[in-house]
Amino acid sequence: MADYFCWPLWYYKGTDKIGNIDPKKLNLKEKTIKLLEKWAEKFDSFIDIEEPNRDLEISKEELESFEKQGLMIWKRLKKELKEEYEVAFFSNKFGKIFENIENY
208 MADYFCWPLW YYKGTDKIGN IDPKKLNLKE KTIKLLEKWA EKFDSFIDIE EPNRDLEISK
268 EELESFEKQG LMIWKRLKKE LKEEYEVAFF SNKFGKIFEN IENY
């Protein structure tokens, strides 16, 4: 789940831990970590930190591209972390969490 100015990975189920997760602390490929960093930077660009209440014009194409990138990253994470973690995806498009790709 993307959120402003933090890692886009969060604890979800089955843990008492709260907060986001540094992807470098997980068994991920360097390319996946870079994709997560770029995805988080893109989300950060959707807000003006100096005036957070100001509406920025974000095109439908940008939002759709962000969602598609998130889906691609989700699939990579599920593949790379399948033995260690269950990986869910929060869709900004649908405003809900998906645990199974088939249900998206």
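So in our numbering, the last spot in the sequence shown is 311, and the numbers never skip.
Glycine is no exception: its CB is placed at the ideal position from the N, C-alpha and C atoms.
Short Cβ contact (8 Å threshold) for Asn227 with Trp214: Here residue 227 corresponds to residue number 20 of the sequence shown, with the count starting at 1. Here residue 214 corresponds to residue number 7 of the sequence shown, with the count starting at 1. The answer is yes: Cβ separation under 8 Å.
Residue from Glu291, Thr222, Gln276, Lys300 with nearest C-alpha to Lys241: Position 34 of the sequence shown, counted from the start, is the residue given in the question as residue 241. Nearest of Glu291, Thr222, Gln276, Lys300 to Lys241, Cα basis: Gln276.
Residues near Asp251 by beta carbon distance below 8 Å, same chain, minus five either side: Taking the sequence shown and counting its residues from 1, one reaches residue 251 at position 44. Hits under 8 Å: Tyr211, Phe212.
Touch test, the segment 220 to 234 against the segment 288 to 301, Cβ-Cβ under 8 Å, three pairs minimum: yes
For Asp255 and Met279, the rounded distance between their alpha carbons: Residue 279 sits at position 72 when you count from the first residue of the sequence shown. Residue 255 sits at position 48 when you count from the first residue of the sequence shown. Going from the Cα of Met279 to the Cα of Asp255 covers about 26 Å.
7 Å Cβ shell around Trp262 - same chain, five flanking residues per side excluded: Counted from its first residue, the sequence shown places residue 262 at position 55. The amino acid occupying residue 262 in the given sequence is Asp; Trp does not appear at that position. Closer than 7 Å at the Cβ level, and outside the excluded window around Asp262, lies no residue.
Between the CA atoms of Ser266 and Tyr219 - distance to the nearest angstrom: Position 12 of the sequence shown holds residue 219. Position 59 of the sequence shown holds residue 266. Each residue's Cα considered, the two are about 30 Å apart.
Host alpha helix (DSSP H) of Ser272 (start-end): Taking the first residue of the sequence shown as 1, we reach residue 272 at position 65. That run of the alpha helix (DSSP H) goes 267 to 288.
Chain-order list of residues whose beta-carbon lies under 6 Å from that of Tyr311 (same chain, five-residue window excluded): For the purposes of this step, residue 311 is taken as the residue at position 104 of the sequence shown. Correct list, in chain order: Phe305.
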